[in-house]
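If you're matching them up, the sequences are chains A, B, C and D in order. The numbering of the first sequence is our numbering, which starts it at 60 and goes up by one. The numbering of the second sequence is our numbering, which starts it at 60 and goes up by one. The numbering of the third sequence is our numbering, which starts it at 60 and goes up by one. The numbering of the fourth sequence is our numbering, which starts it at 60 and goes up by one.
Protein chains: 4
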Amino acid sequence: MGKATIGIGLVGSGFMGRCHANAFRAVGGLFDLPVAPALTILADATPDLAERGAAALGFDRATGDWQALVDDPAVDIVAITAPNLLHAPIAQAAIAAGKTVYCEKPLSTTAALAEQMMQAAEAAGVVTLVGFNFLRNPMIRLARDIITSGEIGAVTGFRGRHAENYMANPEVPHSFRTDPAGGGALADIGSHIVSMARYLLGPVAQVQADCVTVVPDRPIRPGGTERAPVLVDDMTHALMRFDSGVLGSLEANWAATARTMDLSWEITGTRGALAFSQERMNDLLLHSGAPGRSGYTRIEAGPAHPPYGQFCPAPGHHLGFNDLKVIEVAELLNAHAGGPACGPDFREAWEVQKVIEAMQRSARDRTWVAP
Amino acid sequence: MGKATIGIGLVGSGFMGRCHANAFRAVGGLFDLPVAPALTILADATPDLAERGAAALGFDRATGDWQALVDDPAVDIVAITAPNLLHAPIAQAAIAAGKTVYCEKPLSTTAALAEQMMQAAEAAGVVTLVGFNFLRNPMIRLARDIITSGEIGAVTGFRGRHAENYMANPEVPHSFRTDPAGGGALADIGSHIVSMARYLLGPVAQVQADCVTVVPDRPIRPGGTERAPVLVDDMTHALMRFDSGVLGSLEANWAATARTMDLSWEITGTRGALAFSQERMNDLLLHSGAPGRSGYTRIEAGPAHPPYGQFCPAPGHHLGFNDLKVIEVAELLNAHAGGPACGPDFREAWEVQKVIEAMQRSARDRTWVAP
Amino acid sequence: MGKATIGIGLVGSGFMGRCHANAFRAVGGLFDLPVAPALTILADATPDLAERGAAALGFDRATGDWQALVDDPAVDIVAITAPNLLHAPIAQAAIAAGKTVYCEKPLSTTAALAEQMMQAAEAAGVVTLVGFNFLRNPMIRLARDIITSGEIGAVTGFRGRHAENYMANPEVPHSFRTDPAGGGALADIGSHIVSMARYLLGPVAQVQADCVTVVPDRPIRPGGTERAPVLVDDMTHALMRFDSGVLGSLEANWAATARTMDLSWEITGTRGALAFSQERMNDLLLHSGAPGRSGYTRIEAGPAHPPYGQFCPAPGHHLGFNDLKVIEVAELLNAHAGGPACGPDFREAWEVQKVIEAMQRSARDRTWVAP
Amino acid sequence: MGKATIGIGLVGSGFMGRCHANAFRAVGGLFDLPVAPALTILADATPDLAERGAAALGFDRATGDWQALVDDPAVDIVAITAPNLLHAPIAQAAIAAGKTVYCEKPLSTTAALAEQMMQAAEAAGVVTLVGFNFLRNPMIRLARDIITSGEIGAVTGFRGRHAENYMANPEVPHSFRTDPAGGGALADIGSHIVSMARYLLGPVAQVQADCVTVVPDRPIRPGGTERAPVLVDDMTHALMRFDSGVLGSLEANWAATARTMDLSWEITGTRGALAFSQERMNDLLLHSGAPGRSGYTRIEAGPAHPPYGQFCPAPGHHLGFNDLKVIEVAELLNAHAGGPACGPDFREAWEVQKVIEAMQRSARDRTWVAP
């Protein structure tokens, strides 16, 4: 209704593709944006897949050729949810076409490639955003505000983790996730806790990790009997020193039998502390120490914690996972329309990837490594 | 894309109006429906409000006259989020026009009026649905399945509550909520726990309640200094006997200082028990008693609990409040298209209202009352 | 070492007898008391049982005749853990002998008998204490201090419960617990939550309860096949109005399949709230509402909460159930030695019993009853 | 009462001395032991301190000379709660005198000294026990049984921590805790989580740690203004590989502002998982994955988990910290009387200390170290 329409070209219609589509559909009714997104083209591996995806997700057109999507003048924003190996070529093409690029994590399979993507994007001056959606949680923004304001004093320690169980079953077959080029638990979900650690506490100076493969071999194909060894980590533990001198540790584990979403951390400060788990994504624990009243306060998400109020005017009504993607898309559209820069951009995603690779190298070489 | 388009006429653009609009926008990308909803007309108290609401929420047209919306041939489903007093006239008009009616709770301000609405709807044979959205939670459906299957044995006890704090502040002014015609904590949120108790355990045979007004007077207008006494309950406690003989109790409280969404219950059976709180809406606690391993198991919502999988293929990713409304709308659209009947329909909403009024009467007369 | 020795005569060597003995043994090393308790005589149903109990628990002498224990000049304090029916005769004898009387709850099988015991004790001027040990928890004392100080404003609501599962199994046989004279869940454990409600919020003005028998019959003897109907309540729910006008409710349930010690409550005030469960006996939840930081704070027991510091100089080290009895015994010994009066005394226990009987009468007569 | 009396000689009357005394007093009434402990002699730094301690804790005699205590023929067991530097000389003297030795952790200030103590004890054939009391928790024994039985499959990962806040305040002065000879957070409380990790998962093959000092300087004396730098760690994070190949990590932190007793861990297996925190010392979380019912079960301590039943015949009644020491003392007395060997003995304490020192060395040398 009077707003400029922004054409969205989405590559991929799997888990994350659906999630992107849903976010672009919903965002206009929840956020007051300067522009209106339109679901313009869906690309997938084959024309048939693309047709079905477009029908299911409400896109106007479909294509089996992502290059056509990128080149289409009706597409303003290229959203990439294709397999990791395709992130770089699609993003590079989109940058070359001057499009805003919205790419799922990990940005690329290597830090070197991520660096090239970042350099191309910065040279072209296009808006970029990488989908570390857990950062969009209002409680994470609140945590950063609390840390930045000095409310918990100087930070002294960090303990983080991202543990899930989706690869715990030895019958889960090989896939891009177990491809030695860019795969493994650390790259796949460790990147979430690394990006969150950087978001909250700043750059990482040194790391020392240890990686293990818990499931020695997996079927080559779903349901198949032929098996091949697993060459990536199922679990990594790492020590880390931040530039600030703060000491911490983290775990990445996709074979954590008991966990479905333990993206969690505790940050200790000299005058208080914060704790969070994505398993309780609408809570933030804040510790402060009034005499005789000392303890963690469970702060519940509410309108006092933007942008929660866009979803519901009353506290306690809970955001869900998909809502985080809506917030991400709102920030992207605002940035695309000339508003405040959004992040993590390609540069930040490259920084995350450097930390991941430093951890991998430190595990291989059994020594401390600077990212 | 080949699906019949269903015209949605929404009355009201406040908290619940936004929630409805968001659900109709999002549902098509998440559920595989036989029909496609279109945001056709938004009605509000004035043309101006309606115009602004339509622009914000993405409706094609706007009107200040709900009767025009009801009569419009492009409208197939009338969604009512207007003030409670208007539920009956709008719904009756929609029924008369043969439209599917989707009405926010409470269905009406009195059980007698609700009965008339129910009778009209059943005579006309239209599809009706009342917005007790908390019933849509996959964990609530799971709870009912567990109870029905006998997994926890015969049910022996119920303890329920809906406690929030949105009226705890004495400076919250009078509104439809404090109107003696249909207002009060019991009617407003007690109806949620009553509907859930009926959903899980069946009809209620007898009740005995006690009601108190905690905040004696409130400003007549927002920010005003003139105050008037509060004539409705801020808090109600009630005993209840189900038709099955099961004994239980519940509390409705909108001045519960510490609570934002404690819609919670424990249901005890002879061989197990279940517990739930909307504050942890993605969990269901199930108790079973293996020797030496006895305790509550915290079941996390996941694809094993339909329709969670429509939102996310992986467990632990959390649904939010707005997702419950999407599920509600999916069931409504399926029923509208000739699929399985959805509920709670007007008859069930009338039953809930009878329980509420029996509680109010029992408190007034200081005696047990059958609904 | 220079302190007067106080002779303890304990009647009974079951669960509570052991608990008393342990408390009298331990108290001297934990509290700085003006007197030193000595385990002088143990009485039990037969001389043989008494001998074995005395050996196990470390008493100097044993007797099968409680009257002899009461009369023995070496006994200063008579501790009664005999079956409920014997509480009255033993206590009356001890009062007649001028002894301090420490009696397990319930004080007696009827309020009328409890009143006689109270009157005799007050006429004789002896120190009395009834074993509502859960009141001894430092966190309960803290809760009362917080309420009394006005820290949570004026109290507006109460919701309490004592739920356990020790009678859930239909094969648990009849015993004094199911004796219609003084038995039932309400009398047995409901008395704990009633005494705690009175301790925290003062007298109860009116009650309305409903009682059910969940297990229709039980074996007459352990392991036996002959069964007899159960004539007492397994579960009671009650509404209650305090003298202050505060409205509340409570549940007593010994067939609560999933619960082993859910002695719990939430107390709401105009400026905050408190919540507690004996399942987390070292925590007290305190809600206060700083803007954007609103939520329950989990206060952990520590030296800031007397008399925790008697057990451990560091916070977080947890008291256990038996420690509550040690605190009780410390207060008893101090009162016996002329220190501050301890409670609940026989008068308070009689008041509790009147509330219990009012609830039972209200359930029978289906009407509100004043205790 | 027919049982042999065992003379206890206790050195020290501080926090741990009181705890020992309480345990020896209480144990006889709770456990059915072959012998009866007597509180024979208390030794402390001065005769005056010893006299006061003996009076407070109920010992028959007092001495300012621990050698006299060790040599006294009435003393059968020497319990050492003196400052860490004295552990070695007292223990060596007690071993030389052929006494059973019960020593608080850490066994010594260096692993080398601990090894000498171990060798002396083994050569002399005396019973030894080191006070890693947290291992006595029935839930920890249950955890080990579950792991050993294969109930959670093969163990794949460990994540542990011991975090408290007793040194977080920069005004806490220097003491033996900050003495570079044997001090620091890792040695002080890290030893608890190391001992527990070994108890549950076996020997540790390799470690890599990082240590930081959070509080740069502290007062030399309590309340003083003169300060000296802190030369020990306030916080350590460590990677660890067990002999079994299992990867894990741990944190030791005595400046963890928000924590009073976070001795906690999660152990993941191929078919389940366990989680524990001393903050909920009466719970053990056990994960098992029935389809649609997957989640952590909170097992509550009860008589099914020995030796809980010695304290209370009913579940849910909670053990406290001091009860763990009672269990420890019961095992010690049984071993002293010729019953099953108790542990951790001096050999095991030496093994723990080797792990601690390996971590310290790895932090200094920035490399992996085998203990």
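We put the beta carbon where it would ideally sit given N, CA and C, even for glycine.
Selection D/LEU172, D/THR122, D/ALA121 evaluated against D/LEU145 yields D/LEU172 as nearest (Cα-Cα). Closer than 9 Å to the CB of C/VAL186 there is not a single CB belonging to chain B. Beta-bridge annotation (DSSP): D/GLU359 is paired with D/ASP342. Residue C/ASP292 holds the alpha-carbon nearest to the alpha-carbon of C/ALA227 among C/ASP292, C/LEU166, C/GLY261.
Secondary structure remark: continuous beta strand (DSSP E) runs of at least 3 residues inside the stretch 172-218 of chain B, in chain order: 187-189. Contact annotation for B/HIS251 against chain C: no contact, minimum CB-CB distance about 17 Å [criterion: below 9 Å]. For B/ARG352, the chain D residues whose Cβ falls inside 7 Å of its Cβ are LEU345, THR356, ILE358, in order along the chain. Excluding sequence positions up to five before and after B/PRO197, its CB lies within less than 6 Å of the CB of ALA360, HIS364, TYR367, all in the same chain and listed in chain order. Residue range 276-278 is occupied by the beta strand (DSSP E) that includes C/PRO278. The stretch 300-320 of chain A and the stretch 259-266 of chain A touch, with three or more beta-carbon pairs separated by less than 8 Å. Take B/LEU290, set aside five residues on each side of it, and the residues of its chain with a beta-carbon closer than 6 Å to its own are PRO239, in chain order.
Neighbours of B/HIS364 across chain D, judged by C-beta separation under 9 Å: GLY351. If you check the CB distance, C/GLN412 and C/GLY243 do not come in under 9 Å.
Within the stretch 220-249 of chain A, GLU223, ASN224, TYR225 place their CB atoms closer than 9 Å to a CB of chain B, listed in sequence order. Interface residue (Cβ-Cβ distance to chain B less than 9 Å): C/GLU310 is classified as such.
The beta carbon of B/ILE154 sits closer than 7 Å to those of VAL160, ALA179, ALA180, ALA183, VAL185, all from its chain and outside the five residues before and after it, given in chain order.
Residue pairing by DSSP places D/VAL266 opposite D/MET299, D/VAL428 in a beta bridge.
For the 9 Å CB-CB criterion, B/GLU325 and C/ALA127 do not form a contact. Counting the other Cβ atoms within 10 Å of the Cβ of A/PRO132 gives fewer than 16, which makes it exposed. A residue is called buried once 16 or more other Cβ atoms fall within 10 Å of its Cβ, and D/ARG423, having fewer, is exposed. Listed as beta-bridge partners of B/GLY66 by DSSP are B/ALA97. For C/VAL273, the nearest CB of chain B lies under 9 Å from its own CB, placing it at the interface with that chain.
Closest in alpha carbon position to A/THR327, among A/SER234, A/THR272, A/GLU210, is A/GLU210. Looking only at B/PRO350, B/VAL189, B/ALA373, the smallest Cα-Cα distance to B/LEU166 is reached by B/VAL189. If you draw a straight line from the Cα of C/ALA147 to the Cα of C/GLY216, it comes to about 35 Å.
Relative to B/LEU344, the option among B/GLY331, B/ALA63, B/ARG77 whose CA is nearest is B/GLY331. The closest CA to that of C/ALA82, considering only C/VAL428, C/ASP382, C/ARG352, C/GLU407, is found on C/ASP382.
By the neighbour-count criterion, in which a residue is buried when 16 or more other Cβ atoms sit within 10 angstroms of its Cβ, D/GLY157 is exposed. Interface with chain B (9 Å Cβ-Cβ cutoff): A/MET294 is excluded. DSSP, read as helix, strand or coil, puts D/THR159 in strand. Going by beta carbons, C/GLY123 and C/ASP135 fall outside the 9 Å limit.
Assignment of D/SER308 by DSSP, reduced to helix, strand and coil, places it in the strand class. Not a single C-beta of chain C is nearer than 9 Å to the C-beta of B/GLN419. At least 9 Å separates the beta-carbon of C/ALA170 from that of C/ILE386. By the Cβ test, the stretch 61-71 of chain B is not in contact with the stretch 198-209 of chain A, since fewer than three Cβ pairs between them sit closer than 8 Å.
Rounded to whole angstroms, the Cβ separation of C/GLY88 and D/ARG77 is 7 Å, and the two are in contact under 8 Å.
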